[in-house]
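One point on numbering: in full-length UniProt numbering, the residue at position 62 of the sequence shown is 62, and numbering is uninterrupted. Yeah, the Cβ is synthetic: ideal placement off N, Cα and C, and Gly gets one too. Every value quoted in this text rests on a predicted model; they were computed, and no experiment measured them. This report concerns only the one structure given below.
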Amino acid sequence: MSLNTPNKVNPDLASERTKCTFNTLELTHHLDGGALKTEERKIREKYFLEDPELQSKVPMEYLSHKEKYEEAVRKACLVFKKVQQLQNEGKGGMDNFREILGGRLGSAILGDGNPLTLHFVMFIPTIMGQGTFEQQAEWIEKAWDCKIIGTYAQTELGHGTFIRGLETTAVYDPKTEEFVLNSPTLTSYKWWPGGLGHSANYAVVVAQLYTKGKWHGIHPFIVQLRDEETHMPLPGIKIGEIGCKLGMNTTNNGYLGFENVRIPRTNMLMKNNKVLPDGTYESSPSSKLTYGTMIFVRVVLVQDASTYLKKAVTIATRYSAVRRQCQINPDKPETQILNYVTQQHKLFPNIATCFALQYAANWLWDVYNEVNSQLETGQLDNLPELHATSCVLKAVSTADAALATYGLVTAMCTYEETALNHRVPFSKTVDWILTVLQTAAVRKIELANKHINDRIKSGQSYEEAWNNSSIELVEAAEIHGRIFIVDTFHQYVQKLDVSDSLKTVLKQLDQLYAVSQALKLSGHLLLFTDTTAQTIEKLQLWLEELLALIRPNAVSIVDSFDICDASLASALGAYDGNVYERLYEAAQKSPLNTDPVNKSYSSYLKPFLKSHL
Numbered sequence: 001m002s003l004n005t006p007n008k009v010n011p012d013l014a015s016e017r018t019k020c021t022f023n024t025l026e027l028t029h030h031l032d033g034g035a036l037k038t039e040e041r042k043i044r045e046k047y048f049l050e051d052p053e054l055q056s057k058v059p060m061e062y063l064s065h066k067e068k069y070e071e072a073v074r075k076a077c078l079v080f081k082k083v084q085q086l087q088n089e090g091k092g093g094m095d096n097f098r099e100i101l102g103g104r105l106g107s108a109i110l111g112d113g114n115p116l117t118l119h120f121v122m123f124i125p126t127i128m129g130q131g132t133f134e135q136q137a138e139w140i141e142k143a144w145d146c147k148i149i150g151t152y153a154q155t156e157l158g159h160g161t162f163i164r165g166l167e168t169t170a171v172y173d174p175k176t177e178e179f180v181l182n183s184p185t186l187t188s189y190k191w192w193p194g195g196l197g198h199s200a201n202y203a204v205v206v207a208q209l210y211t212k213g214k215w216h217g218i219h220p221f222i223v224q225l226r227d228e229e230t231h232m233p234l235p236g237i238k239i240g241e242i243g244c245k246l247g248m249n250t251t252n253n254g255y256l257g258f259e260n261v262r263i264p265r266t267n268m269l270m271k272n273n274k275v276l277p278d279g280t281y282e283s284s285p286s287s288k289l290t291y292g293t294m295i296f297v298r299v300v301l302v303q304d305a306s307t308y309l310k311k312a313v314t315i316a317t318r319y320s321a322v323r324r325q326c327q328i329n330p331d332k333p334e335t336q337i338l339n340y341v342t343q344q345h346k347l348f349p350n351i352a353t354c355f356a357l358q359y360a361a362n363w364l365w366d367v368y369n370e371v372n373s374q375l376e377t378g379q380l381d382n383l384p385e386l387h388a389t390s391c392v393l394k395a396v397s398t399a400d401a402a403l404a405t406y407g408l409v410t411a412m413c414t415y416e417e418t419a420l421n422h423r424v425p426f427s428k429t430v431d432w433i434l435t436v437l438q439t440a441a442v443r444k445i446e447l448a449n450k451h452i453n454d455r456i457k458s459g460q461s462y463e464e465a466w467n468n469s470s471i472e473l474v475e476a477a478e479i480h481g482r483i484f485i486v487d488t489f490h491q492y493v494q495k496l497d498v499s500d501s502l503k504t505v506l507k508q509l510d511q512l513y514a515v516s517q518a519l520k521l522s523g524h525l526l527l528f529t530d531t532t533a534q535t536i537e538k539l540q541l542w543l544e545e546l547l548a549l550i551r552p553n554a555v556s557i558v559d560s561f562d563i564c565d566a567s568l569a570s571a572l573g574a575y576d577g578n579v580y581e582r583l584y585e586a587a588q589k590s591p592l593n594t595d596p597v598n599k600s601y602s603s604y605l606k607p608f609l610k611s612h613l
């Protein structure tokens with residue numbers, strides 16, 4: 001195991017690993033994309049995680065908000081210097097950036113967020129995707145070499161997903177060939193962009209374009225925010241950090257307002273739409289091209305959802321094998337909590353979800369690159385489907401990962417009168433699950449459409465009818481997203497060229513994910529298909545069978561994720577399973593334990609105690 005401690009392994013965890021029925025290294029290679037990719041990843045992890053300069057002298061959780069940010073900037077600058085060193089040695093590539101900025105290696109180095117992430121994830125991709133060749137030549141080299149640091153400022157204090165409603169304005173002045181940017185209201189202030197607070201000196205700003213007295217919708221502009229030497233905000237720029245949050249506190253999320261800020265005409269990204277020197281506006285064949293950056297981010301988020309979930313299930317599964325609590329049999333010692341079926345039900349479907357999300361992310365990444373290539377030649381046919389699919393996968397994957405990571409919930413099924421449909425006899429196959437789920441999805445869409453039309457006939461506008469039917473529409477989208485992931489997982493497993501022993505395990509995980517999704521959507525199955533309560537009972541029994549089959553391999557499956565201890569950053573989930581020793585060791589790092597008596601004793605506690613004598 002890369003970067004895992006050589007300590008003596010906890011006997012319960014060691015025993016679990018002897019039960020494994022497949023080659024864990026084969027699964028690791030499969031998940032990484034081959035043995036060479038695994039080797040490259042391990043070298044990359046060693047290169048970054050064993051660098052003493054990337055270690056914090058004091059654990060980050062004990063630092064103030066300000067100190068955390070300053071430490072994050074120090075590490076981020078060092079990280080990207082090391083990336084540039086790899087590039088200079090001919091070892092650069094997309095994998096380096098995806099690992100450094102993603103949820104595996106990146107979160108191991110900067111667990112509470114990287115203040116420079118949006119520079120690479122959104123600022124540079126936006127210029128590449130929406131800038132002309134001349135603009136790319138001017139800006140990409142500066143950005144790639146980190147001569148400037150950028151971010152992506154779209155979301156406003158009063159506007160998030162409804163980007164057509166953004167209030168920031170960019171009015172063209174043909175006399176000076178400049179755009180004048182303003183934030184006319186408080187709600188028009190840019191809010192949330194990572195790195196905006198104190199890190200970035202440039203931003204791609206999305207604003208409403210006006211030229212020759214006409215409005216032309218939202219467009220992206222490159223705006224300088226701070227002086228390149230002093231880093232002081234430029235005139236008319238109102239900028240700062242938005243403060244403490246529940247997480248990602250070193251991402252340096254910021255706010256940004258404009259007061260008559262002038263930028264050159266050529267700072268509007270004009271690959272898709274143009275403003276000529278005299279103010280004439282020339283539009284692209286599709287306004288959807290402006291949303292390309294957000295699609296890219298959604299692709300990355302699906303990948304990260306899988307990665308973070310892998311970390312969570314690795315920690316929880318290993319700890320469940322080590323932790324003993326209560327007795328199933330009163331004549332025997334306390335049992336491993338991994339032996340409780342309720343615990344298996346919490347863990348194993350989420351292990352299966354890791355695979356399902358990774359395969360879905362792989363598919364989405366491939367399709368994104370294909371569609372992106374088509375856009376370069378003017379082909380737009382597949383863009384709407386990619387946009388819709390990336391939206392629903394982002395929503396489903398991040399929601400499921402969040403539930404598994406921060407608190408598991410039990411789905412409640414609503415039993416209603418079943419509709420009379422053509423009968424699909426139950427069979428213990430993923431294909432049967434796909435068939436009934438697809439039937440439910442179609443009927444759900446039909447019903448939502450009927451309700452929209454009924455409301456329109458009753459006098460509501462289409463927009464009102466849509467809003468009043470939106471719960472059903474969201475549910476239909478969720479069902480579609482879950483079916484897509486089930487189908488993608490199943491198709492991947494069917495085509496895999498791996499050993500029989502590994503394929504057996506992957507088929508079990510494939511079935512477990514499908515059954516879990518069917519049970520999660522059982523209310524819809526009962527309402528929209530001929531599924532009965534007896535069929536739901538059969539699905540439940542199938543689920544329990546699969547839990548028992550996966551139980552001997554659970555620890556080895558998460559071992560195959562090959563997430564090193566430094567990346568897990570958990571006393572509970574380390575490879576050696578020495579939970580209690582690690583918890584005690586971690587407690588010693590608290591600054592409060594530096595002195596046996598804290599100074600607050602003599603200043604406050606002692607006088608208070610003595611005052612009662």
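Taking its Cβ as the centre, do 16 or more other Cβ atoms sit within 10 Å of residue i, making it buried, or is it exposed?
i, result
"Phe123", "buried"
"Glu416", "Low confidence applies to Glu416: its pLDDT is 29, below 50, so where it sits in the model is not reliable, and the reading given next is rough at best. Looking at its Cβ environment, which holds fewer than 16 other Cβ atoms inside 10 Å, Glu416 is exposed."
"Asp585", "Reading the sequence as shown, one finds Glu at residue 585 and not Asp. The residue is exposed, with fewer than 16 neighbouring Cβ atoms inside 10 Å."
"Asp400", "buried"
"Asn273", "buried"
"Ser188", "buried"
"Leu36", "exposed"
"Thr410", "With a pLDDT of 29 at Thr410, under the threshold of 50, the modelled position of that residue is not reliable, and no figure is offered here."
"Gly129", "buried"
"Pro115", "buried"
"Pro184", "exposed"
"Pro349", "buried"
"Leu568", "buried"
"Pro220", "buried"
Taking the Cβ atom as the reference point for each residue, do residue i and residue j lie within a distance shorter than 9 Å?
i, j, result
"Leu157", "Leu186", "yes"
"Ile222", "Asn267", "yes"
"Glu370", "Pro277", "no"
"Ser397", "Ile485", "yes"
"Leu572", "Ile315", "yes"
"Asp562", "Arg41", "yes"
"Glu446", "Arg455", "no"
"Thr317", "Ala574", "no"
"Leu31", "Ala153", "no"
"Val121", "Ile163", "no"
Write down the C-beta distance between residue i and residue j rounded to the nearest angstrom, noting that I regard them as a contact closer than 8 Å.
i, j, result
"Gly165", "His159", "5 Å"
"Thr169", "Tyr202", "Rounded, the Cβ-Cβ distance is 20 Å, inconsistent with contact."
"Asn252", "Ser199", "5 Å"
"Leu357", "Ser390", "Between Ser390 and Leu357 the Cβ distance is about 13 Å, and since that is not below 8 Å, they are no contact."
"Val341", "Leu547", "6 Å"
"Thr21", "Pro552", "7 Å"
"Asn7", "Asp576", "4 Å"
"Pro193", "Leu118", "6 Å"
Rounded to whole angstroms, what's the CA-CA distance from residue i to residue j? Just pull it up for me.
i, j, result
"Trp432", "Gln511", "11 Å"
"Gly106", "His612", "53 Å"
"Ala440", "Gln344", "28 Å"
"Ser522", "Lys346", "18 Å"
"Gln374", "Leu380", "7 Å"
"Gly33", "Gly213", "54 Å"
"His480", "Asp487", "10 Å"
"His65", "Val73", "13 Å"
"Ile100", "Phe179", "36 Å"
"Leu526", "Ala533", "8 Å"
"Gln87", "Arg104", "21 Å"
"Phe133", "Lys271", "8 Å"
"Asp227", "Glu259", "17 Å"
"Gln84", "Glu50", "18 Å"
"Pro384", "Tyr368", "12 Å"
"Pro11", "Lys507", "29 Å"
"Trp542", "Thr535", "10 Å"
"Ala419", "Phe528", "Any reading at Ala419 needs caution, since the residue's pLDDT is 35, under 50, leaving its predicted position unreliable; the model's value is listed next. Between Ala419 and Phe528, the C-alpha separation is close to 6 Å."
Say yes only if the C-beta of residue i is nearer than 8 Å to one or more non-hydrogen atoms of the ligand SAH, and no if none qualify.
i, result
"Glu537", "Absence of the ligand SAH is noted for the structure shown, with no ligands found whatsoever."
(Q) Under 8 Å: do the segment 473 to 493 and the segment 558 to 565 share three or more Cβ pairs, one atom per stretch? (A) Between the segment 473 to 493 and the segment 558 to 565 there are fewer than three C-beta pairs closer than 8 Å, too few to call the two in contact.
Q. When the Cβ atoms of the segment 73 to 89 are set against those of the segment 108 to 125, are three or more pairs found closer than 8 Å?
A. As far as the Cβ criterion goes, the segment 73 to 89 touches the segment 108 to 125, which means the pair count is three or higher.
Q.
I want to know whether the segment 50 to 60 touches the segment 592 to 608 - three or more CB-CB distances under 8 Å.
A. No: the two stretches stay apart, fewer than three of their Cβ pairs being nearer than 8 Å.
Q) Any contact of the segment 325 to 333 with the segment 483 to 501, i.e. 3+ C-beta pairs under 8 Å? A) No, the segment 325 to 333 does not touch the segment 483 to 501.
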